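The structure under discussion appears below in the form of structure tokens.
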Amino acid sequence: MPEKLIYMDHAATTPVRPDVLKAMTPYFRESFGNPSSIYTLAQESRKAVDDAREKVARALGARVSEIVFTSGGTESDNTALKGAAFALRNVGNHIVTTAIEHHAVLHTCHQLEQFGFEVSYLPVDQYGLVTPAQVAEAVNGRTVLVSVMMANNEIGTIEPVAEIAKAVKDRAGSLGHTIVVHTDAVQAAGYLDLDVNALGVDMLSLSAHKFHGPKGVGALYVRRSTPFEPQQMGGGQERQRRSGTENVPGIVGMGEALRIADGSREQASAYCTRLRDRIIAEIRRRLDGVYLNGHPTQRLPNNVNVSFESVEGEPILLGLDFAGICASSGSACSSASLEPSHVLVAIGRPAAIAQASLRLTVGLENTDEDVDYVMSVLPDLVRRLRSMPSLAGVE
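For the sequence shown, position 374 (counting from the first letter as 1) is numbered 373 according to numbering that gives the first Met the number 0, and the numbering increases by one without interruption.
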């Protein structure tokens, strides 16, 4: 283990805040009752779940009854898409989304295609943006669902979700039938305003571990009267929308983590934006052949995603890890081959550049000294890797 550890992968997960862990702890042993039971011990758990639901609802500007707790962002995305699509399958079978969504959305759409749904995967521009006009034009008389992420998990680009939702709702009005609008806001919590009424969305997905809550718990906002068919059946928990005994400690942690994150959103955004911009400027100043992936300004405050000419991403990650720096890449290992990120391909990066990407996502615990250290390692590492002879064709 390196003596120094710099964590700059907050888009992957975040450490649980001490106050969040403290709030969760009693519900593992002292107040361990099943919220569905009627005795006092169980009702302590019920009250804790209700209090957490109120905290989440307040952060979203939603009704308490519109919050459904899940096992995380993946389940929230799956449930939103399948729940709306199957509920409206007698109305239409067309879904609109983008080419850069998280795989929790894309793979769910692929699965829905096997059930007879048709999906339009809209292209994005060089920055990863889709326009409201594009989305509205893709809507037709059979469209029942539109899903556009609020902020991209890889390149940080922030989509104009409120404008998209309005364009879709106007189109739905002219067509005379319901079109549900969903947004994956997993990366946005703690940095962007999640007011569902300002956004105009019918469904919104969250995951607690992205904003210093525990892993294994998430939430799905479902606007009242939105057509929705439950995907998990059993005991009828979550107002019949998601059966299964509630993860009380996780739900408590999520509520407290979102309360804190939403309350410190402006300060966190300002702080992380400064570190983000400093990292981008330093990389560009010290190295040639650098591509910034994502929108230059309309991006998450904590997201840096860059690609380098003449070097691959995996050796960069290994070199950073050896130096005690935690980061990630836009590339993903797929069986025996290294596949370029679907997001980077969608914004037009050639495969060689897409495979040489690095994502650094900062958090409040990061400091200017952390940035100094990363900049003392990264440029030299890239130059060293560029100077190494290629092993292509060597057996």
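The beta-carbon is built from N, C-alpha and C at its ideal position, and this holds for glycine as well. Note that the structure is a prediction, hence the values are computed from the model and not measured.
Check                                                                                                           : Outcome
CB contact below 8 Å: T39 versus chain B                                                                        : Protein chain content of the structure displayed is limited to a single chain, and chain B is not contained in it.
Cβ shell of T13 (< 7 Å), same chain only, five flanking positions each side left out                            : H208, K209, F210, H211 and G362
Residues near V365 in its chain [Cβ-Cβ closer than 7 Å; skip 5 each side]                                       : Rather than Val, the amino acid found at residue 365 in this sequence is Asn. These residues qualify, in order along the chain: M7 and L274.
Boundaries (first-last residue) of the beta strand (DSSP E) holding H109                                        : No beta strand (DSSP E) holds H109; the alpha helix (DSSP H) holding it covers H102 to E112.
Continuous beta strand (DSSP E) stretch holding G217: start and end                                             : G217 to V221
E117 versus A132, A150 and T142, residue with shortest Cα-Cα distance                                           : T142
Helix, strand or coil at E117 according to DSSP, with G and I counted as helix                                  : strand
Runs of alpha helix (DSSP H) lying entirely within the region 196-276, each at least 4 residues, in chain order : 247-262
Proximal residues to I18 (C-beta, below 6 Å), its chain only, five neighbours per side dropped                  : The sequence shown places Asp at residue 18, not Ile. Excluding positions up to five away in sequence, the list is empty.
Identity of the residue in P34, L105 and A58 nearest R264 by Cα                                                 : A58
Spatial neighbours of A331 in its chain, beta-carbon cut-off 7 Å, leaving aside the 5 residues before and after : The predicted model places A331 with a pLDDT of 42, which falls under 50 and marks its position as unreliable; any figure quoted below should be read in that light. E338 and S340.
Residues near P159 by beta carbon distance below 7 Å, same chain, minus five either side                        : P131
Where the beta strand (DSSP E) containing S356 begins and where it ends                                         : S356 to T360
M23 versus A322, Q231 and M253, residue with shortest Cα-Cα distance                                            : M253
Candidates A164, L205, H102 and A47, of which the one nearest L257 by Cα                                        : L205
Reduced DSSP secondary structure (H/G/I, E/B, other) of T73                                                     : helix
Reference N139; option with closest CA among V90, V310 and I315                                                 : V90
Per DSSP, the bridge partner or partners of V67                                                                 : L219
Outcome for A79 when other beta-carbon atoms lying within 10 angstroms are tallied against a minimum of 16      : buried
Limits of the beta strand (DSSP E) - the one that F307 falls within                                             : N302 to F307
Beta-carbon proximity check, I409 vs V147, cutoff 8 Å                                                           : Residue 409 is absent from the structure shown; the chain starts at 0 and stops at 394.
Beta bridge counterpart(s) of T96 as assigned by DSSP                                                           : Y120
Beta-carbon gap between S306 and R348 smaller than 8 Å                                                          : yes
Cross-strand partners of T142 (DSSP beta bridge)                                                                : H93
Beta-ladder partner(s) of R298, from DSSP                                                                       : T156
Range covered by the beta strand (DSSP E) that runs through H181                                                : V179 to D183
Same chain, Cβ closer than 6 Å to L4, neighbours up to 5 away in sequence not counted                           : G323
One or two residues paired with A150 in a DSSP bridge                                                           : I157
Burial state of I282, where buried means 16 or more other Cβ atoms lie within 10 Å                              : buried
Rounded C-alpha distance that separates T96 from L40                                                            : 45 Å
Three-way DSSP call (helix, strand, coil) for A287 in this model                                                : This sequence places Asp at residue 287; Ala is not what is there. Reduced to three states, the DSSP call for D287 is coil.
Segment limits, alpha helix (DSSP H) that includes R28                                                          : Note, R28: premise wrong, no alpha helix (DSSP H); not H, not E.
Contact set for G199: own chain, Cβ-Cβ below 6 Å, skip 5 residues either direction                              : A161, A164 and K165
Rounded Cβ spacing between L384 and V310 (contact assumed at less than 8 Å)                                     : 5 Å
Other residues of its chain near G215: CB distance less than 7 Å, five sequence neighbours each side excluded   : S70, G71, N246 and G249
Whole-angstrom C-beta distance between V145 and I178, which should lie under 8 Å                                : 6 Å
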